[in-house]
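71 is the number of the first residue of the sequence shown in our numbering; add one for each residue after it.
Below is one structure, written out as structure tokens; comments come after it.
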Amino acid sequence: MKNRTTPVVMQIIPELSSGGAEQGCIDVADALVKAKAHAIVVSHGGTRLSDLARVGATHINLPVHSKNPLIMWRNIHKIRQLIKKHNVDIVHARSRAPAWSAFKACEHTNAHFITTCHAPYNFHNNTKKFYNSSMSRGERVIAISNYVAQYLHENYGLDEETLRLIPRGIPMDRFHPSLVTSERLITLTREWRIPEGKNIVMLPGRLSRWKGHHDFVKALSLIKRKDVFGLIIGSDQGRTEYRAELEQFILDNGMERRMRMIDHCSDMPSAYMLSTVVVSASTDPEGFGRIPVEAQAMGRPIVATNHGGAMETVLHGETGWLVPPSNPQKLAQAIEEALSLTPEQRAILATRAMHHVAQNFTKDHMTGRTLDVYAELLK
71 MKNRTTPVVM QIIPELSSGG AEQGCIDVAD ALVKAKAHAI VVSHGGTRLS DLARVGATHI
131 NLPVHSKNPL IMWRNIHKIR QLIKKHNVDI VHARSRAPAW SAFKACEHTN AHFITTCHAP
191 YNFHNNTKKF YNSSMSRGER VIAISNYVAQ YLHENYGLDE ETLRLIPRGI PMDRFHPSLV
251 TSERLITLTR EWRIPEGKNI VMLPGRLSRW KGHHDFVKAL SLIKRKDVFG LIIGSDQGRT
311 EYRAELEQFI LDNGMERRMR MIDHCSDMPS AYMLSTVVVS ASTDPEGFGR IPVEAQAMGR
371 PIVATNHGGA METVLHGETG WLVPPSNPQK LAQAIEEALS LTPEQRAILA TRAMHHVAQN
431 FTKDHMTGRT LDVYAELLK
């Protein structure tokens with residue numbers, strides 16, 4: 071039994087795999103342990119369990135990934151049992167289905183319920199709007215961007231008394247140019263068979279249609295410079311038909327010799343250092359978007375689509391370029407501008423971008439402000 075003076079925080083997330091929500095969950099668990107609190111994470115497992123164990127948090131496996139109403143109902147009882155067994159002070163849900171179970175489980179207990187909303191969830195009818203509303207039912211609701219906060223305010227009436235704006239943060243002890251060794255760069259260059267003397271234009275992110283890969287391929291086909299080589303980095307996560315479609319699109323646009331698709335990269339800081347320009351071409355607005363922030367932290371010029379979280383993380387004309395979504399012509403134009411920077415201009419942009427991230431979007435900022443929200447409730 072934990073000492074009652076030790077705060078106990080239980081985070082609930084569908085699975086611990088790759089993704090910003092999952093990384094944020096692990097980062098907060100790490101901060102809780104360092105603050106001498108008891109950190110519990112409830113999920114259906116995943117590839118990041120070893121990372122959670124490494125920071126000293128407790129993992130409990132439940133089928134909280136399921137949207138099956140019967141399983142969600144059973145999870146209420148199981149989560150309530152965990153709250154009582156571990157004397158949980160705060161339950162922090164990070165996704166819609168587990169948020170419903172956690173919200174109901176907290177009733178008739180002393181546990182506070184909070185949520186983090188990671189995206190402006192779409193709805194086309196009142197039933198879906200009601201389902202999405204689980205993310206608005208916390209005593210405190212954390213929004214990862216102003217864009218998400220506005221969504222919650224407009225659709226669920228949340229005000230500043232309930233809402234807390236806490237942008238995602240990246241680990242500066244990992245994403246900094248000085249930390250990437252030449253050996254790591256050489257390893258990636260050989261592994262990916264990158265041609266010598268080329269300017270690398272890179273689009274990272276999982277293979278999903280809304281990430282804008284088609285616009286990226288089309289934009290590069292419009293750039294006639296022979297020294298440009300494109301990289302698409304990201305797993306298809308089982309979307310093999312989309313991957314095949316994208317490979318055919320590359321062929322149809324005559325780009326098979328000018329770009330390459332990389333399935334996965336476990337060393338993204340080195341990947342950014344290999345690039346001359348980084349692109350985030352999402353056709354739908356992202357709740358936050360890690361790629362523009364990571365690129366800026368590494369001092370790389372970023373070209374991103376002008377909607378969603380990118381509007382808050384990229385300073386147009388200062389740390390990167392913002393272009394209209396689904397517009398390959400404007401995307402190509404901005405990439406060419408970034409490629410045309412002189413060494414001095416590039417150095418100025420890099421310094422400005424790195425400072426911008428260090429001031430606003432670090433892991434320490436994110437975890438510190440999240441723990442402040444916990445402290446609010448515990449008082």
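Cβ coordinates follow ideal geometry from the N, Cα and C atoms, glycine included.
Looking at the backbone, the Cα of A365 and that of V443 are separated by about 29 Å. Here A420 has G369 as same chain residues with Cβ atoms under 7 Å from its own Cβ, once five neighbours each way along the sequence are excluded. Under the three-pair Cβ rule at 8 Å, the segment 273-288 counts as touching the segment 346-365. In the displayed model, F299 falls within a strand according to three-state DSSP.
Rounded to the nearest whole angstrom, the CA to CA distance from T128 to A169 is 19 Å. Taking 8 Å as the cut-off, the beta carbon of I293 is found closer than this to the beta carbon of A402. Rounded to the nearest whole angstrom, the C-alpha separation of I256 and F431 is 29 Å.
By the 16-neighbour rule on beta-carbons within 10 angstroms, K281 is buried. Between the C-alpha atoms of S345 and D97 there is a straight-line separation of about 27 Å. According to the DSSP assignment, V78 belongs to the beta strand (DSSP E) that extends over 78-82. Secondary structure at M325: coil, using DSSP grouped into helix, strand and coil. Here N269 carries a strand assignment [DSSP, helix/strand/coil]. Sequence-distant Cβ neighbours of N269 in its own chain, meaning closer than 8 Å and more than five residues away, are R295, D297, V298, F299, T346, V347, L409. A straight-line Cα-Cα distance of about 24 Å links L122 and I146. Judged by DSSP in its simplified three-state form, S113 adopts strand. Apart from the 5 residues on each side of it in sequence, E326 sits with its Cβ closer than 8 Å to the Cβ of I320 in its chain, given in chain order.
In the three-state reduction of the DSSP assignment, R313 falls in the helix class.
In this structure, H114 is the residue among H114, A91, S203 with its C-alpha nearest to the C-alpha of S136. In this structure the segment 240-249 does not touch the segment 212-230; the number of beta carbon pairs closer than 8 Å is below three. Contact annotation: N202 and F193 have beta-carbon atoms nearer than 8 Å. Ranked by how close their Cα comes to the Cα of R416, the residues H108, T389, A189 have T389 in first place. Look at P139 here: in three-state DSSP terms it is helix. Of the residues V349, I130, R279, the one whose Cα lies closest to the Cα of E315 is R279.
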